[in-house]
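Chains as they are written, first to last, in my numbering: chain A, 4 to 190; chain B, 4 to 190; chain C, 4 to 190; chain D, 4 to 190.
A virtual CB, placed ideally from N, CA and C, is assigned to each residue, including glycine.
What you are looking at is a predicted structure, and each value in this text was computed from that prediction instead of being measured.
Protein chains: 4
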Amino acid sequence: MDKREQILASALTLFVEFGFHGTPTSKIAKEAGVSNGTLFHYFATKEELIKELYIAIKNDLNTYLFSHISPDDSIEVTLKKLFIYFIYWALDNREKNHYIQQVLFSPHISQIPEAILQEQSHQAIQLIEKAKAEKIIKDLPTDLHYTLVNSHIMGIYSYVSNLPPDEQKTIIEHSFEMLWDMLTESK
Amino acid sequence: MDKREQILASALTLFVEFGFHGTPTSKIAKEAGVSNGTLFHYFATKEELIKELYIAIKNDLNTYLFSHISPDDSIEVTLKKLFIYFIYWALDNREKNHYIQQVLFSPHISQIPEAILQEQSHQAIQLIEKAKAEKIIKDLPTDLHYTLVNSHIMGIYSYVSNLPPDEQKTIIEHSFEMLWDMLTESK
Amino acid sequence: MDKREQILASALTLFVEFGFHGTPTSKIAKEAGVSNGTLFHYFATKEELIKELYIAIKNDLNTYLFSHISPDDSIEVTLKKLFIYFIYWALDNREKNHYIQQVLFSPHISQIPEAILQEQSHQAIQLIEKAKAEKIIKDLPTDLHYTLVNSHIMGIYSYVSNLPPDEQKTIIEHSFEMLWDMLTESK
Amino acid sequence: MDKREQILASALTLFVEFGFHGTPTSKIAKEAGVSNGTLFHYFATKEELIKELYIAIKNDLNTYLFSHISPDDSIEVTLKKLFIYFIYWALDNREKNHYIQQVLFSPHISQIPEAILQEQSHQAIQLIEKAKAEKIIKDLPTDLHYTLVNSHIMGIYSYVSNLPPDEQKTIIEHSFEMLWDMLTESK
DNA sequence: TATGAATGAGAATTCATTCAT
DNA sequence: TATGAATGAATTCTCATTCAT
């Protein structure tokens with residue numbers, strides 16, 4: 004792992020544990036085993052570091068998600084995969100997931116380029132529109148569908164994250180069905 | 004409004020706009036029209052101010068919520084009222100709602116007494132247990148129900164908060180039904 | 004002397020001896036017997052301190068100069084007084100005079116408000132124009148007269164500043180006559 | 004132009020525009036199109052670079068001046084040539100002239116070897132002594148003569164540097180006569 | 001109660017300089 | 001010769017907090 008990645012790794016751990024304000028750049032540098040100056044050699048400002056870390060994590064997540072989705076999958080399967088694999092990723096990368104939330108709920112979001120922010124939502128929204136067009140899901144505003152799926156995912160994640168691994172799978176599968184029932188025309 | 008309240012009011016606005024780190028106590032004092040020292044006369048530390056503000060807002064929310072619930076209400080009605088009135092309160096008190104989220108997603112939560120944090124959840128959890136006992140809702144873990152309700156509420160809030168007021172009511176009512184369908188044995 | 008003035012006094016001595024870059028604000032504070040923070044309580048930035056010190060010194064010089072000039076003085080007398088008293092002031096306030104030159108030859112001039120910079124030059128220029136109108140001095144561009152007077156003054160100052168006090172007076176008086184001969188229609 | 008000269012050229016431009024403190028060595032290197040390390044390969048320290056640049060410019064000026072003076076010239080002609088050609092050089096090499104002033108008014112002069120500093124003054128002082136011995140100029144202290152000539156030159160330069168080229172020549176010639184009148188026994 | 005000057009620890013950042021390649 | 005990553009001391013500035021009035 005080169006120095007830049009060392010710095011990102013240390014920043015992730017410390018930011019998640021102590022928050023942005025609670026983590027001086029000097030602590031990150033020390034933790035990464037590099038000098039104070041080196042950190043600023045790679046990242047012009049602390050803000051820049053926060054942003055780059057966000058982007059790196061988002062790339063990580065995207066790579067993971069896309070590696071599991073195939074263009075041949077049906078809409079339902081695609082949605083289910085996105086749902087399930089996102090939760091698995093979050094469970095396997097708690098710090099990274101936490102970090103993303105942390106940025107989203109902070110004044111630092113404004114630094115993140117729109118394109119990065121919309122990477123997944125764009126995909127998901129197209130999926131929802133297609134599902135609506137094909138009458139698979141209810142005829143409600145796309146944004147409403149999107150919001151409901153999102154908050155459902157975050158809810159399930161926060162619930163299963165405290166469960167032993169063997170119970171997680173059942174809940175995740177089941178909860179997707181609950182969500183699906185909610186989105187599709189109820190009988 | 005006395006000085007203590009002036010300070011709390013200014014702190015709310017500034018914290019929500021600029022974040023905790025981005026808001027020096029001196030700015031709060033100036034905005035409140037009091038001296039630097041006076042702020043520390045009422046609140047021993049900045050941390051204390053953050054905590055007291057949280058408590059004050061939580062009291063505000065509780066007062067509002069309880070004023071709409073009657074012990075005679077059925078379980079479903081109670082839940083619906085909690086759902087709907089919380090959203091209305093959040094829409095009418097955006098800064099306050101935002102502030103609560105901000106604290107929840109920050110290292111400052113650890114400063115908030117458990118009792119304050121659980122004020123509503125305690126109520127809600129009892130409600131859910133009663134509903135489960137009476138077979139009104141599915142036989143799933145109480146925490147799962149609770150989590151799903153919560154995230155649903157936050158999702159709906161974030162969706163309707165960008166809508167014109169006249170469209171809000173329909174969505175809120177409708178979305179409660181979706182939630183209810185999800186919690187109760189389907190069909 | 005209050006703290007603000009202590010800071011200005013220490014800044015003057017240190018800036019003249021070590022230059023702007025060679026004088027950390029921390030050294031100024033220590034020399035002034037105040038804390039690091041106090042310096043920034045009175046002067047928002049180091050730049051601001053540099054500027055305020057310049058203004059304070061210019062006020063000092065103006066007060067001195069004006070206290071010696073009377074509206075009844077003839078043009079020649081007024082010019083002579085400005086010439087002579089400026090040199091005396093510079094000799095009695097070497098650090099201050101040096102500081103003014105230092106600012107003038109540095110990128111910090113751009114921070115000094117035009118009005119402050121022109122305080123004396125404005126006066127002097129009007130004097131020269133009057134002298135030209137009354138045919139007392141040669142009919143050359145006002146700016147040229149002004150420039151020549153100025154550089155002559157600085158030259159004389161730099162020469163006499165290394166002389167013992169008793170020799171200074173003669174040179175100063177004599178050199179004014181040389182200047183006067185140069186400005187007026189020769190022979 | 005080899006790398007060493009590239010560096011000197013970039014340093015000149017940047018130092019004049021932004022000052023010594025305002026010009027990091029890294030900026031100089033980038034502007035010169037060389038790496039950070041290369042600059043320090045040619046100049047051991049930034050201070051050294053400042054000094055070497057001064058020396059290079061002084062050599063430039065001397066070469067120019069000497070190429071116009073002949074041992075056969077009379078004292079008056081020699082002085083006039085020094086006067087006039089210095090001003091022309093300064094007008095044609097504004098950055099270089101500015102740089103010399105900048106060093107002279109900075110704490111960096113102490114780094115410049117005496118020999119370099121006195122290159123011209125030595126010549127000029129001998130000239131003045133000769134003129135005094137031959138009763139061509141007034142019997143005043145040599146240093147006073149020297150100082151007055153110097154400040155006169157700088158004054159004229161600063162005046163004509165803002166003039167269109169065609170007006171410069173007249174002023175320069177004329178101003179030398181004014182100076183000469185001042186130095187020689189009047190009337 | 002209220003003030004606001006004073007404090008000083010701490011933080012982000014800069015930059016001359018080194019050195020392995 | 002030339003590079004540019006790496007260093008870390010130094011610097012400016014911020015801000016929560018104290019305290020005499």
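State the Cα-Cα distance for the pair residue i and residue j, rounded to the nearest angstrom.
i, j, result
"ASN96 (chain A)", "TYR160 (chain A)", "12 Å"
"LYS33 (chain B)", "ALA59 (chain B)", "21 Å"
"ILE2 (chain D)", "PHE23 (chain C)", "No information on residue 2 (chain D) is available, as it lies outside the stretch 4 to 190 that chain D covers here."
"ASP169 (chain A)", "TYR67 (chain B)", "41 Å"
"LYS190 (chain C)", "LEU182 (chain D)", "Any reading at LYS190 (chain C) must be qualified, since the residue scores a pLDDT of 45, below 50, and its modelled position is unreliable; the value itself is stated next. Those two C-alpha atoms are separated by around 15 Å."
"LEU82 (chain C)", "GLN123 (chain D)", "33 Å"
"ILE87 (chain C)", "GLU50 (chain A)", "57 Å"
"SER38 (chain A)", "SER13 (chain A)", "13 Å"
"GLN126 (chain C)", "VAL19 (chain D)", "31 Å"
"PHE43 (chain A)", "ASP184 (chain B)", "54 Å"
"GLY36 (chain D)", "GLN9 (chain D)", "8 Å"
"VAL80 (chain B)", "GLN121 (chain B)", "21 Å"
"MET4 (chain B)", "TYR45 (chain C)", "33 Å"
"ARG7 (chain A)", "ALA47 (chain A)", "12 Å"
"GLU117 (chain B)", "GLN104 (chain B)", "16 Å"
"ILE128 (chain A)", "ASN165 (chain B)", "17 Å"
"PHE69 (chain B)", "PHE69 (chain A)", "47 Å"
"GLU180 (chain B)", "PRO167 (chain A)", "32 Å"
"GLN171 (chain A)", "LYS172 (chain B)", "36 Å"
"ILE119 (chain C)", "TRP92 (chain C)", "18 Å"
"LEU199 (chain B)", "LEU143 (chain A)", "Missing from the structure shown is residue 199 (chain B); chain B here goes from 4 to 190 and no further."
Sorted by chain position, which residues of the same chain lie with C-beta nearer than 7 Å to residue i's C-beta, five sequence neighbours on each side aside?
i, result
"HIS148 (chain B)", "ILE131, ILE140 and LEU186"
"ILE112 (chain D)", "VAL106"
"GLY40 (chain B)", "none"
"GLN17 (chain B)", "The amino acid occupying residue 17 (chain B) in the given sequence is Leu; Gln does not appear at that position. Taken in chain order, the residues that qualify are THR26, LYS30, ILE31 and GLU34."
"GLU188 (chain C)", "LYS141"
Taking 8 Å as the limit between beta carbons, can you name the residues of its chain near residue i, skipping five residues before and five after?
i, result
"LEU15 (chain C)", "LEU56, ILE60, GLU98, LYS99 and TYR102"
"LYS192 (chain D)", "In the structure as shown, chain D starts at 4 and stops at 190, and residue 192 (chain D) therefore has no counterpart that could be examined."
"ASN62 (chain A)", "none"
"LYS133 (chain D)", "ILE78"
I'd like to check one pair, residue j with residue i: are the Cβ atoms closer than 9 Å?
i, j, result
"GLY158 (chain A)", "HIS155 (chain B)", "yes"
"VAL163 (chain B)", "LEU64 (chain B)", "no"
"LEU11 (chain D)", "THR28 (chain D)", "no"
"ILE90 (chain A)", "ILE175 (chain A)", "yes"
"LYS135 (chain C)", "THR145 (chain C)", "yes"
"ASP193 (chain C)", "LYS84 (chain C)", "Residue coverage of chain C in this structure runs from 4 to 190, which leaves residue 193 (chain C) outside it and unanswerable."
"LEU151 (chain D)", "SER178 (chain C)", "yes"
Using a 10 Å radius around the Cβ and a threshold of 16 neighbouring Cβ atoms, would you call residue i buried or exposed?
i, result
"SER109 (chain B)", "buried"
"ASN153 (chain D)", "buried"
Cβ of residue i versus every heavy atom of the ligand SAH: is any distance shorter than 8 Å?
i, result
"GLU176 (chain A)", "The ligand SAH is not part of this structure, which contains no ligands at all."
Tell me which same chain residues have a C-beta within less than 6 Å of the C-beta of residue i, skipping the five on either side of it?
i, result
"PHE21 (chain A)", "none"
(message) Could you tell me which whole alpha helix (DSSP H) segments of length 4 or greater appear in the stretch 13-93 of chain C?
(response) Within the stretch 13-93 of chain C, the alpha helix (DSSP H) runs of at least 4 residues that lie entirely inside it are, in chain order, 28-35, 39-45 and 49-69.
(request) Please go through the stretch 144-190 of chain D and give each complete alpha helix (DSSP H) segment of 4 or more residues, from N-terminal end onward. (result) For the stretch 144-190 of chain D, the continuous alpha helix (DSSP H) assignments of 4+ residues that do not extend past its boundaries occur at 145-163 and 168-186, in sequence order.
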